[in-house]
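Here's the structure we're looking at; comments come further down.
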Amino acid sequence: MPMVISAGSLGVILIGMDEGGSYMLINYKKSVFFGILCLSICIMFSACSEGDKTNKNEAQDSTGTLETSAQAPDDRDNKSDGEQGGSDSTLKINIGDGNEESAKLPDNYPSDIFPLYRDSFIMSVVELSGGFTVTAFSKDDYTEIAAFYKELLKDAEVTAEMNMEKSFTSFGKISGYTYNFDTGESDEMDGYASSVAIMLMPSQ
Numbered sequence: 007m008p009m010v011i012s013a014g015s016l017g018v019i020l021i022g023m024d025e026g027g028s029y030m031l032i033n034y035k036k037s038v039f040f041g042i043l044c045l046s047i048c049i050m051f052s053a054c055s056e057g058d059k060t061n062k063n064e065a066q067d068s069t070g071t072l073e074t075s076a077q078a079p080d081d082r083d084n085k086s087d088g089e090q091g092g093s094d095s096t097l098k099i100n101i102g103d104g105n106e107e108s109a110k111l112p113d114n115y116p117s118d119i120f121p122l123y124r125d126s127f128i129m130s131v132v133e134l135s136g137g138f139t140v141t142a143f144s145k146d147d148y149t150e151i152a153a154f155y156k157e158l159l160k161d162a163e164v165t166a167e168m169n170m171e172k173s174f175t176s177f178g179k180i181s182g183y184t185y186n187f188d189t190g191e192s193d194e195m196d197g198y199a200s201s202v203a204i205m206l207m208p209s210q
């Protein structure tokens with residue numbers, strides 16, 4: 007299975023998809039804000055690639071929430087009884103307000119399965135079709151963060167794991183989700199020593 011493992015400190019993490027549908031983390035040395043916007047567009051197009059779509063964008067309050075709704079055409083006439091069509095997915099992007107206000111995790115984020123590291127500043131949260139992508143920063147050294155998640159993932163189905171000089175990356179499955187995780191040294195945000203990137207997608 008093709009796979010990209012990030013190396014070194016994490017500036018920004020972009021999530022991609024290989025031909026088999028597996029998600030990858032790519033270390034992309036640009037600003038966090040730019041990276042998250044690109045990531046959101048990639049996820050939106052990969053999830054909504056079939057059928058004619060109708061998109062609606064709505065920007066809300068200072069937390070920077072953006073919602074995009076996409077609904078497939080109603081093809082009930084082409085289906086037998088009991089197979090009425092139509093699928094709906096909503097892309098939600100929540101971006102924190104600079105260094106002052108952290109973004110919020112959605113109420114339905116599975117914190118009991120894959121919690122965010124304590125006292126992390128959330129730069130952005132992307133939610134789509136039951137999946138979540140979280141980008142955050144911590145004042146703790148990345149080794150402490152890595153140790154926390156290694157303990158969390160000790161019973162997970164780990165597909166790949168890599169310890170680099172200044173980062174830790176893990177891929178696998180846990181409690182009904184496919185996860186991609188990365189933490190590493192970062193000077194991207196003043197006053198914070200490490201970055202944290204989490205991607206969770208419902209397992210197929």
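Just so it is clear: in the sequence shown, position 99 is 105 by the working numbering, and no numbers are missing. Where a beta carbon is used, it is the ideal one built from N, C-alpha and C, also for glycine.
Report task. Could you tell me which residues DSSP puts in a beta bridge with I101? Result -> Position 95 of the sequence shown, counted from the first residue, corresponds to residue 101. Its beta-bridge partners are S130.
Query raised in the report: Can A109 and V131 be called in contact, C-beta distance under 8 Å?
Result: By 1-based counting over the sequence shown, the position of residue 109 is 103. By 1-based counting over the sequence shown, the position of residue 131 is 125. Contact flag set, yes.
Query raised in the report: By Cβ distance, which residues of its chain are closer than 7 Å to I151, with the 5 residues on each side in sequence left out?
Result: By 1-based counting over the sequence shown, the position of residue 151 is 145. Here the set comprises Y123, S144, T189, S200, V202.
Query raised in the report: So A142 packs on I119, CB below 8 Å; how close in whole Å?
Result: As a first step, residue 142 must be located in the sequence shown, where it is residue number 136. As a first step, residue 119 must be located in the sequence shown, where it is residue number 113. Their Cβ separation, rounded to whole angstroms, is 17 Å, which puts A142 and I119 out of contact at 8 Å.
Report task. Specify the secondary structure class of G57 as computed by DSSP and reduced to three states. Result -> Stepping through the sequence shown from its first residue, residue 57 is reached at position 51. Note on G57: pLDDT 41, under 50, position unreliable in the model; no value is reported.
**Report entry** When G197, N105, T139, L111 are compared against N186, the one with the closest alpha-carbon
**Finding:** Sequence index remark: in the sequence shown, residue 186 carries index 180 (1-based). The option with the nearest alpha carbon to N186 is T139.
Query raised in the report: For D193, which of N114, Y148, K179 has the nearest alpha-carbon?
Result: As a position in the sequence shown, residue 193 is number 187, starting the count at 1. The alpha carbon of D193 has as its nearest neighbour, out of N114, Y148, K179, the alpha carbon of Y148.
Query raised in the report: Helix, strand or coil: which one does DSSP assign to T96?
Result: The residue you call residue 96 lines up with position 90 of the sequence shown. Strand, per DSSP.
Query raised in the report: In this structure, does DSSP put K156 in helix, strand or coil?
Result: One-based indexing of the sequence shown puts residue 156 at position 150. The answer is helix: DSSP assigns K156 an H, G or I state.
Query - Option nearest G136 by Cα separation, candidates E171, N114, Y198, D146 - result: As a position in the sequence shown, residue 136 is number 130, starting the count at 1. Of the candidates E171, N114, Y198, D146, the one whose C-alpha sits nearest the C-alpha of G136 is N114.
Query - Rounded separation between E163 and S117 - CA only - result: If you number the sequence shown from 1, residue 163 lands on position 157. If you number the sequence shown from 1, residue 117 lands on position 111. In this structure, the alpha-carbon of E163 lies about 18 Å from that of S117.
Query raised in the report: What's the call for T175, buried or exposed, on a 16-neighbour Cβ count within 10 Å?
Result: Stepping through the sequence shown from its first residue, residue 175 is reached at position 169. It is buried - the Cβ of T175 has at least 16 other Cβ atoms within 10 Å.
Requested in this report: Given a cut-off of 8 Å, decide if T165 and F177 are closer than it, judged by their beta-carbon atoms.
Outcome: For this step, residue 177 is matched to residue 171 along the sequence shown. For this step, residue 165 is matched to residue 159 along the sequence shown. Yes. Within cutoff.
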